[in-house]
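Q: FYI, the numbering for the sequence shown is 291 to 354, going by this note's numbering.
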Amino acid sequence: MAKLTKLDLANILNDMATILDCAAILRGDPNEGTMLANELDAYVEDYAKTTAARIVKEEADHEI
291 MAKLTKLDLA NILNDMATIL DCAAILRGDP NEGTMLANEL DAYVEDYAKT TAARIVKEEA
351 DHEI
């Protein structure tokens, strides 16, 4: 797997922001929205941890 570039990291952050925006919208649904929003939050948290571990492992240039 290739090292993460600055563009890769920017895309990852954009993806996370989009998912979190969706979660915020879903919180307005009194039925299943909050549960789904919580799942999305957990996904983003895991995605962030996985990405951070990958950066540390491959010593990518991660200053944006």
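Glycine included, C-beta positions come from ideal geometry on N, C-alpha and C.
For clarity, every value in this text was computed on a predicted model and none was experimentally measured.
Tell me which residues share the same chain as Met-306 and place their Cβ nearer than 7 Å to its Cβ, disregarding the 5 neighbours each side in the sequence.
A: Answer for Met-306: Val-334, Tyr-337 and Ala-338, listed in chain order.
Q: Report buried or exposed for Ala-327, applying the criterion of at least 16 other Cβ atoms within 10 angstroms of its Cβ.
A: That one is buried.
Q: Taking the alpha helix (DSSP H) that Thr-295 falls in, what are its first and last residues?
A: Taken as a continuous stretch (DSSP letters only), Thr-295 belongs to no alpha helix (DSSP H), as it is neither H nor E.
Q: Let me know if Arg-314 comes out buried or exposed under the rule of 16 or more other beta-carbons within 10 Å of its beta-carbon.
A: According to the sequence shown, residue 314 is Ala rather than Arg. Exposed, by the Cβ-count rule.
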